[in-house]
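Residue numbers (our numbering), protein chains in the order written: chain A, 1 to 332; chain B, 1 to 392.
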Amino acid sequence: MIPTPASVEAQAAQFRECFTHLRTEIGRVFVGQNSLVDHLLICFFCQGHALIEGPPGLGKTLLVRTLSDAVSLSFARVQCTPDLMPADVTGTNLLIETAPGLREFAFQRGPIFANVVLADEINRATPRTQAAFLEAMQERRVTVFGITHRIDEPFSVFATQNPIEMEGTYPLPEAQLDRFFFKLIVQVPGLEDLAEIMARTTGDREARVTPRFGAETVRAMAGLVKQVKIDDQATRLALRFVRATHPEAQESPDVVKQYVRYGASPRGAQAMILAAKALALLAGRFHVSMDDLRTVAPPALSHRIIRNFQGEMEHVAPDSIVARIVAETRDG
Amino acid sequence: MSRRKAQASSALPALTGEPDHDVIDCLRMLRSRAIWVMAVRYAVVAVAIGVVIAEGTALAVGTSARATLVLVSGGALGALCVATLWAVWRAPTLIETAQLADRRLGWQNHASAALQFAGATDAVARLVVRDGAARLARSRPAEVFPFEYPARLPWLLAGVLAATSLLLGGYVRATMGDGAQAPSGSAATGGAGQRGSPAANAAGVADPAPGAAGPSAAGASAAQPPGAVAPAATAGAKGAASPAADASAHGSQAADTPVRHEGGTGPANASVPTAASPSTAADAGSASAVTAGPLSPAGGVSATTASGAAAGDGAGTVDSTTALGGGVRGGTLAPDATRKQDNRPAFTARERALYRGEWDRAQAAVAQDRIPPALRPYVRAYFEAIRSAGQR
């Protein structure tokens, strides 16, 4: 069926309603951090994967679980440890008895086949297991014993990592970081938020999340996001942002030339544009504005910037580099 | 109400129900407004510059009032044309207009996206165009492209004012200073004369060529007003007979030679300071003559410049009856009351009538700018020279 303007408008209204519902439901359980929640939902509706970074105990796992509960999707959690094997993630062939006296190998699906996957402390898994995760994230399919299994959509992996304890961890390589749509930072809550957290978690009332939308709705919303238009000027701005992250580019600001070794890949631009489309829909528009791109540039680009030695020694935050890029890049 | 009336009264063209056309129509209207605003802005700057240049040219050349008016008007008109052409040349394209509108009104790319997707048939594109058209239709061109004065407008106006004052000042000074003699309209001459005309002595004297037969002589001669049959002038031209002439012949600065200007020049040092180029000497000389002449008291002012020290040989004061010329640019050819008596016989009635007639014709010729400014002193000098004793 060819969509009409009226049907698209109805879908856009549903998108806003769905987004608001999820935000409200998450807000019942997860206190504060509105920007983090919005970015997580945008990432989810764009069918991207997010790397959530923050100290332990700030509710990273709770956030992702609440999201899956609010949309009636299958959820799987993988606690990554050094002895976690790829087969524990993807699944493997097991010898099962199908009939009396008849045994055969059957593929047993791993947690990666859930709609929402939480890879807790992904940097504690070995590179081999990380690679299994990341291949599934990128390809949206798993190959076991030569047989490829498709992963159902919607599919989003939310990986967490703890920036403090680095001993015994395997930091994600840059190539794998690039596969995350957004990198989201969980901030330490303020006094008001902490008080609210205490009130909710130490009382006898438990917050319940009401699931409302299913996988079909999420798929439709993801399709709608991709239909949003972006004009040439906004596209060029996104590309200029990406170009400006490269120290060898003429248009890059001084801070990039000084502190950056490698800049963002085209995936960065893809993530920015898709996320900006979702923001545009939320704002009631059917086209991307340049302000949308500026809003989503930090979570889309910061983890794609590889600092050089000087940048790491001086603890120059990638976020501040992206902020400078956004400030110094002209609309043109 | 017609569509055009509607857009004139409030905002951009009313929606026609075809968003694609609406978007393009509205953007065309905005573009026209942008061109108009640019043209006005450029015109303000260009006209100011054009007027200043025209007035500067008038000052430098020493044109008549009428010619100055024509020059200034022409300059302004030319600048206006250039500004308009420049505005049209630099007019934004439709997509640039849309981007400007988005940026100035915070439209979040509504206009540019609508323009880009105008004509597309998919549902989302239709919505983009519809939203853009609605927003454009609600806008007012003056909001998008308000008229703003150029940032340097005060400086431009000050420049125009200064140039105009200088020009008018020259006219007024000339008019007030010489009822009978040359009301030189040339502000340049007034200015130059006041400050120290690059005058005859400047041009003529500074020229080291002995005899000053060339330009310096011309300069000196040009500066010689009617009374300039006096020895110094002649000597200056010939380059020998007087100390002043000596000074000039030896290349000393005119300022070094004390010059006594009879017939009323301004300060002598005003007419001496620098060596002007020969080509300008004549003008400057006349300028000095015109401006300074009428202001001096009857009987002449003895204006002595610094003498001797630099020139070395210019110690003596020279009596130079430089009754400075009048009749520059439309002025009357007034007789010089300070002339010395001579022994020539008086005119007969017929000669007097003839003289009077020729005088009037010359005066009319001067008034109509038929005589170049540089030659007007000659005319006056000629008539003064042929006067009879009784007329003096």
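For glycine and all other residues, C-beta sits at the position ideal for the given N, C-alpha and C.
Go ahead and label A/ILE164 buried or exposed: buried means 16 or more other beta carbons lie within 10 angstroms of its beta carbon, across all protein chains shown.
exposed
Which partner residues does A/ASN308 have in the DSSP bridge list?
Answer is none; A/ASN308 lacks a bridge partner.
Contact criterion: CB-CB distance below 8 Å. Does A/ALA50 meet it with respect to chain B?
no
I'd like to know if B/ARG104 contacts chain A, where contact means its C-beta is closer than 8 Å to some C-beta of that chain.
no
Would B/LEU127 count as contacting chain A if we go by Cβ distances under 8 Å?
yes
What are the partner residues of A/LYS60, as DSSP defines its beta bridges?
BP columns for A/LYS60 are empty, so no partner.
Any Cβ of chain A within less than 8 Å of the Cβ of B/PRO183?
Reliability fails at B/PRO183, whose pLDDT of 38 lies under 50, so the model's placement of it is uncertain and no value is given.
Leaving out the 5 sequence neighbours to the left and right, which residues in its chain are closer than 6 Å to A/GLY214 when beta-carbon positions are compared?
SER72
May I ask you to report which of helix, strand or coil DSSP gives B/ALA203?
Any reading at B/ALA203 is ruled out, since the residue's pLDDT is 35, under 50, leaving its predicted position unreliable.
Ordered list of beta strand (DSSP E) runs contained in the region 238–317 of chain A, each at least 3 residues:
260–262
Pick from A/GLY284, A/GLU25, A/PRO318: whose alpha carbon is nearest that of A/ALA297?
A/PRO318
What's the call for B/SER252, buried or exposed, on a 16-neighbour Cβ count within 10 Å?
Confidence at B/SER252 is low in this model, with a pLDDT of 37, below 50, so the placement of that residue should be treated as unreliable; the coordinate-derived value is given next. Buried: at least 16 other Cβ atoms inside 10 Å.
How about A/PHE376 and A/ASN115: are their beta carbons less than 8 Å apart?
As shown, chain A starts at 1 and ends at 332. That puts residue 376 of chain A outside it, with no answer to give.
Could you check whether the region 122–138 of chain A touches the region 97–107 of chain A, counting it as contact only if at least three pairs of C-beta atoms, one from each stretch, sit closer than 8 Å?
no
What residues in its chain sit with their C-beta under 8 Å from that of A/LEU102, if we drop five residues either side in the sequence?
none
Mind listing the chain B neighbours of A/VAL228? Cutoff is C-beta to C-beta under 7 Å, in chain order.
VAL124
Report the residues of the region 193–204 of chain A with a CB closer than 7 Å to any CB of chain B, ordered along the chain.
none
In chain B, which residues lie less than 9 Å from A/ALA234 when you measure between Cβ atoms?
ASN109, SER112, ALA113
Please check the pair A/GLY59 and A/PHE181, which I expect to be a contact at CB under 8 Å, by giving their CB distance rounded to whole angstroms.
Not quite, the Cβ-Cβ distance comes to about 20 Å (not below 8 Å), so this is no contact.
How big is the Cα-Cα spacing for B/GLU384 and B/ARG352?
13 Å
Identify, in the order they occur along the chain, each residue of the same chain with its Cβ nearer than 8 Å to the Cβ of B/PRO150, setting aside the five sequence neighbours on each side.
ARG41, VAL44, VAL45, LEU156
What does A/VAL8 reach in chain B if we use C-beta pairs closer than 7 Å?
ALA123, VAL124, LEU127
Contact criterion: CB-CB distance below 8 Å. Does A/THR98 meet it with respect to chain B?
no
Using a Cβ-Cβ cutoff of less than 8 Å, which residues in the same chain neighbour A/LEU62 once the five nearest sequence positions on both sides are dropped?
VAL29, PHE30
Can at least three beta-carbon pairs, one atom from the region 83–103 of chain B and one from the region 200–209 of chain A, be found at a separation below 8 Å?
no
Could you tell me if B/GLN382 is buried or exposed, where buried requires 16 or more neighbouring beta carbons within 10 angstroms of its beta carbon?
Strictly speaking, residue 382 of chain B in this sequence is Tyr, with Gln absent from that position. Answer is exposed; the Cβ neighbour count stays below 16.
May I ask you to verify whether the region 65–84 of chain A touches the region 225–238 of chain A, counting CB pairs closer than 8 Å and requiring at least 3?
no
In whole angstroms, what is the alpha-carbon distance linking B/VAL160 and B/PRO372?
28 Å
Which word fits B/VAL301, buried or exposed, when buried means at least 16 other C-beta atoms lie within 10 angstroms of its C-beta?
Since pLDDT at B/VAL301 reaches only 36, below the 50 mark, its modelled position is unreliable, and no value is offered.
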